[in-house]
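Trainee: The numbering of the sequence shown is the numbering used here, which starts it at 12 and goes up by one. Encoded as structure tokens, here's the structure I'll be asking about.
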Amino acid sequence: EALALADEIVVMNDAKIEQAGKTRSVFDAPKTAFVARFLGSHNVVAMPEGMVAVRSDALKVTNEKSAKLPGTITNIEYQGTHVALTASVSGAQEVTALLSDKDFFGNPKELGEAIGLDWEASAAHALAG
Numbered sequence: 012e013a014l015a016l017a018d019e020i021v022v023m024n025d026a027k028i029e030q031a032g033k034t035r036s037v038f039d040a041p042k043t044a045f046v047a048r049f050l051g052s053h054n055v056v057a058m059p060e061g062m063v064a065v066r067s068d069a070l071k072v073t074n075e076k077s078a079k080l081p082g083t084i085t086n087i088e089y090q091g092t093h094v095a096l097t098a099s100v101s102g103a104q105e106v107t108a109l110l111s112d113k114d115f116f117g118n119p120k121e122l123g124e125a126i127g128l129d130w131e132a133s134a135a136h137a138l139a140g
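Structure representation (structure tokens):
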């Protein structure tokens, strides 16, 4: 709600400012895992180069083994215009992809199915700490 009402926001954690700035800038490029999780709609992913934030709507689901993240579907939630597909990746880590209903039902997936998750390089934001 704060994103819809404000021009600028400040995200605090334990009385410390984690990030401040224009709402769109903070949402599009969270600086810490806390900010990414607090804002929602972001996945915090452990990659070999470090932690990154990737928006759920930036993830692409593939069948390719060469994808950045291999995973197994653990949940599928129909949300009307979109489908939220959650996958277990790298052990206990979970990632959610938000797909249009057209994309999902054009190539439906099943619980337990092995998938690949990919994204454009510009969609991943390195996280501090």
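All residues carry an ideal CB built from backbone N, CA and C; glycine is no exception. Please read these numbers as outputs of a predicted model, since none were measured by experiment.
(1) Residues bridged to GLU105 by DSSP?
(2) What whole-angstrom Cβ distance do LEU128 and VAL72 have, given they're in contact under 8 Å?
(3) Give every residue of the same chain whose Cβ lies closer than 7 Å to the Cβ of ALA108, excluding the five residues on either side of it in the sequence, and list them in chain order.
(4) Nearest CA to the CA of GLU88: which residue from LYS76, ASP112, PRO81 and SER99?
(5) Go through its chain and collect everything with a Cβ distance to GLU75's Cβ below 8 Å, but skip five positions before and after it.
Mentor: Let's see:
(1) For GLU105, the beta-bridge partners assigned by DSSP are SER99.
(2) Here LEU128 really is in contact with VAL72; their C-beta atoms are around 6 Å apart, less than 8 Å.
(3) So the qualifying residues of the chain are SER67, LEU70, VAL72, LEU96 and LEU128.
(4) The alpha carbon of GLU88 has as its nearest neighbour, out of LYS76, ASP112, PRO81 and SER99, the alpha carbon of ASP112.
(5) If we look at GLU75 and ignore the five residues flanking it on each side, its Cβ neighbours are GLY127 and ASP129.
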